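Asks: Residues in the sequence shown are numbered consecutively from 26, following this note's numbering. We put the beta carbon where it would ideally sit given N, CA and C, even for glycine. Computed from a predicted model, the values in this text were never measured in an experiment. A single structure is presented below for examination.
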Amino acid sequence: MVTRISVFVCTVVLVAVASAQERPDRAQRLLDRGKPYKAILRCDHLLVKNGEDAQVRAWRGQAYNAIGNYDQALTDARRSLALDPGNAPAEMQTGIAFIGMYAGDSALAHLTRCPEGREKELRMGMALALVGRCAEARSHFDRILQKAPDDISALRERAGCHAMEGDSARAREDLDRAIALDPHDPVSWNARGYHRYAAFGEHEKAIRDYDRAIKINPNYSYAFNNRGWSRFSSGEVKGAERDVRLAGKKNPANPYVDLNLGLILLAEGDTANGCMALHKAIGKGGTPQRAEELRSALASCPEGTDPQGPIPPPAGAPSEERKERRNAPGSRNAP
Numbered sequence: 026m027v028t029r030i031s032v033f034v035c036t037v038v039l040v041a042v043a044s045a046q047e048r049p050d051r052a053q054r055l056l057d058r059g060k061p062y063k064a065i066l067r068c069d070h071l072l073v074k075n076g077e078d079a080q081v082r083a084w085r086g087q088a089y090n091a092i093g094n095y096d097q098a099l100t101d102a103r104r105s106l107a108l109d110p111g112n113a114p115a116e117m118q119t120g121i122a123f124i125g126m127y128a129g130d131s132a133l134a135h136l137t138r139c140p141e142g143r144e145k146e147l148r149m150g151m152a153l154a155l156v157g158r159c160a161e162a163r164s165h166f167d168r169i170l171q172k173a174p175d176d177i178s179a180l181r182e183r184a185g186c187h188a189m190e191g192d193s194a195r196a197r198e199d200l201d202r203a204i205a206l207d208p209h210d211p212v213s214w215n216a217r218g219y220h221r222y223a224a225f226g227e228h229e230k231a232i233r234d235y236d237r238a239i240k241i242n243p244n245y246s247y248a249f250n251n252r253g254w255s256r257f258s259s260g261e262v263k264g265a266e267r268d269v270r271l272a273g274k275k276n277p278a279n280p281y282v283d284l285n286l287g288l289i290l291l292a293e294g295d296t297a298n299g300c301m302a303l304h305k306a307i308g309k310g311g312t313p314q315r316a317e318e319l320r321s322a323l324a325s326c327p328e329g330t331d332p333q334g335p336i337p338p339p340a341g342a343p344s345e346e347r348k349e350r351r352n353a354p355g356s357r358n359a360p
């Protein structure tokens with residue numbers, strides 16, 4: 026009898042220990058199931074209950090990256106690296122956060138330390154595209170697509186590079202294929218609207234694609250911002266302003282929203298608020314992919330320059346011969 030009780034008690038203890046060890050994995054499972062907000066709550070609970078943990082910080086950084094909160098993602102990823110220097114998950118999330126902040130060179134510094142694989146290939150390509158090294162970026166996307174021809178993310182990113190290089194035919198081919206593979210993915214509709222149509226001046230067609238993206242995801246800030254810019258480019262100023270302001274409410278951290286709003290307000294003759302929006306863009310980290318456009322717009326403002334200092338030129342900026350036509354650049358946000 027004593028032996029049976031001992032065995033029962035040991036079994037209960039072992040099950041409890043195993044359960045406790047498995048619980049943190051719920052955060053990763055939530056991320057794998059596409060539930061970043063629940064993953065954040067889970068990580069918050071674990072950090073309060075158990076204290077600092079490099080893995081939990083990396084998970085929460087991944088979740089924040091998934092919802093576009095790149096500042097918080099970077100904070101968590103850096104904390105993870107401080108707790109466990111060089112750990113691969115945190116290096117990856119740091120790189121992704123920098124991509125989200127348009128800091129391609131900083132992203133590359135961390136991504137090169139990550140283990141080889143599909144995720145590294147994709148993120149390296151995205152970072153290289155950000156700094157204007159599209160030929161190198163395409164080689165990463167090509168390698169992914171050689172192994173997995175239906176990889177939608179790689180198709181979208183490669184299309185962005187084709188468009189940046191002026192190859193509209195190949196951009197269209199990749200984007201049409203991405204939509205055919207998953208017509209319910211709002212990112213692909215937004216990407217096609219931007220890279221296939223808006224980038225080549227076909228704003229009416231771009232607006233139709235943005236409409237599809239917004240219908241699928243009514244909270245898609247980038248699609249609202251892009252649609253606003255296409256409306257502005259088509260002469261629909263009031264509708265453009267509504268879209269861009271709504272994009273700002275849905276994603277206040279995006280400096281390209283402030284740039285677009287500033288340009289729209291300046292066109293409407295509202296110099297004070299237009300210039301204020303441009304300075305907000307600088308305060309949020311600037312617009313590296315449209316630095317010259319921002320600088321030119323600020324020249325029409327009473328101050329002439331940003332009171333916080335000069336606007337740095339974009340790293341790897343394209344030449345005048347192939348200057349990119351962008352409104353919310355960086356196709357990792359499509360665009």
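1) The alpha helix (DSSP H) spanning C159 covers which residue range?
2) According to DSSP, simplified to helix, strand and coil, what is G308?
3) Could you tell me which of C139, Y62 and A122 sits nearest to P110, measuring between CA atoms?
4) Determine the closest residue to V262 out of A292, N251, A248 and R237, with distance taken between C-alpha atoms.
5) What first and last residue would you give for the alpha helix (DSSP H) that runs through C68?
6) Considering only the alpha carbon of each residue, which of K309, T137 and G264 lies closest to P277?
7) Which of helix, strand or coil does DSSP assign to A324?
8) Hey, how far is the Cα of T330 from the Cα of D295?
9) Taking 6 Å as the limit between beta carbons, can you name the residues of its chain near Y222, skipping five residues before and five after?
10) Does N215 pass the burial test, meaning 16 or more other C-beta atoms within 10 Å, or should it be called exposed?
11) With a 10 Å radius around its C-beta and 16 neighbouring C-beta atoms as the bar for buried, classify G76 as buried or exposed.
12) Return the CA-CA distance between N112 and R267, expressed in angstroms with no decimal places.
13) Tell me whether the stretch 53-67 and the stretch 232-247 touch, counting them as touching only if at least three CB pairs, one residue from each stretch, are closer than 8 Å.
14) On the three-pair Cβ rule with 8 Å, is the stretch 100-110 touching the stretch 70-89?
15) Decide if Q87 is buried, meaning its Cβ has at least 16 other Cβ atoms within 10 Å, or exposed.
16) What's the call for Q171, buried or exposed, on a 16-neighbour Cβ count within 10 Å?
17) When you compare each of P327, A316, E317 and R315 to N298 by their alpha carbons, which one comes out closest?
18) As an exercise, report each continuous alpha helix (DSSP H) stretch of at least 4 residues that is fully enclosed by the stretch 211-238, in chain order.
19) So, helix, strand or coil for I92, using DSSP?
20) Using only the alpha-carbon positions, how far apart do N251 and Y235 sit?
21) Looking only at its own chain, which residues have a Cβ that is under 6 Å from the Cβ of A115, when we skip the five neighbours before and after it?
22) Go ahead and pull the three-state DSSP assignment for K139.
23) Measure from the alpha carbon of G93 to the alpha carbon of each residue in F123, V73, L71 and C68, then state which is nearest.
24) Quick check on K274: buried or exposed, where buried means 16 or more other Cβ atoms within 10 Å of its Cβ?
25) Per DSSP, what kind of secondary structure is P114 in: helix, strand or coil?
26) Alpha carbon to alpha carbon, how far is T119 from A134?
27) Please report the straight-line C-alpha distance between V37 and L108, rounded to a whole angstrom.
28) Apply the 10 Å Cβ neighbour rule to R58 and answer buried if 16 or more other Cβ atoms are within range, or exposed otherwise.
29) Could you check the C-alpha separation between R183 and R148 for me, to the nearest Å?
Replies: Answer, in terms of the structure:
1) Note, C159: alpha helix (DSSP H), C159 to K172.
2) In the structure shown, G308 falls within a helical segment according to DSSP collapsed to helix, strand and coil.
3) Out of C139, Y62 and A122, C139 has the C-alpha closest to the C-alpha of P110.
4) Restricting attention to A292, N251, A248 and R237, the CA atom closest to the CA of V262 is found in A292.
5) Counting along the chain, the alpha helix (DSSP H) containing C68 begins and ends at P61 to N75.
6) Of the candidates K309, T137 and G264, the one whose C-alpha sits nearest the C-alpha of P277 is K309.
7) Three-state result, A324: coil.
8) With a pLDDT of 44 at T330, under the threshold of 50, the modelled position of this residue cannot be trusted, and the question is left open.
9) If we look at Y222 and ignore the five residues flanking it on each side, its Cβ neighbours are K230 and A231.
10) Its Cβ being crowded by 16 or more others within 10 Å, N215 is buried.
11) Counting Cβ neighbours within 10 Å, G76 comes out exposed, since fewer than 16 surround it.
12) In this structure, the alpha-carbon of N112 lies about 44 Å from that of R267.
13) Fewer than three pairs of CB atoms, one per stretch, sit closer than 8 Å, so the stretch 53-67 makes no contact with the stretch 232-247.
14) Yes: the two stretches touch, three or more of their Cβ pairs being nearer than 8 Å.
15) With 16 or more other CB atoms across the displayed protein chains lying within 10 angstroms of its CB, Q87 is buried.
16) Exposed, since its Cβ has fewer than 16 Cβ neighbours within 10 Å.
17) Taking only the C-alpha atoms, the option nearest N298 is P327.
18) For the stretch 211-238, whole alpha helix (DSSP H) runs of length 4 or above, ordered along the chain, are 211-216.
19) For I92, the secondary structure class from DSSP, reduced to helix, strand or coil, is coil.
20) Y235 has its alpha-carbon roughly 7 Å from the corresponding atom of N251.
21) Contacts found: A83, A102, S105 and L106.
22) Note that residue 139 corresponds to Cys in the displayed sequence, not to Lys. Here C139 sits in coil by DSSP.
23) Comparing Cα-Cα distances from G93 to each of F123, V73, L71 and C68, the minimum goes to F123.
24) By the beta-carbon neighbour count (other beta carbons within 10 angstroms, threshold 16), K274 is exposed.
25) Helix.
26) Each residue's alpha carbon lies about 10 Å from the other.
27) Its pLDDT being 46, under 50, V37 is placed unreliably by the model, and nothing is read from it.
28) Result: exposed.
29) Linking R183 to R148 through their CA atoms gives a straight-line distance of about 12 Å.
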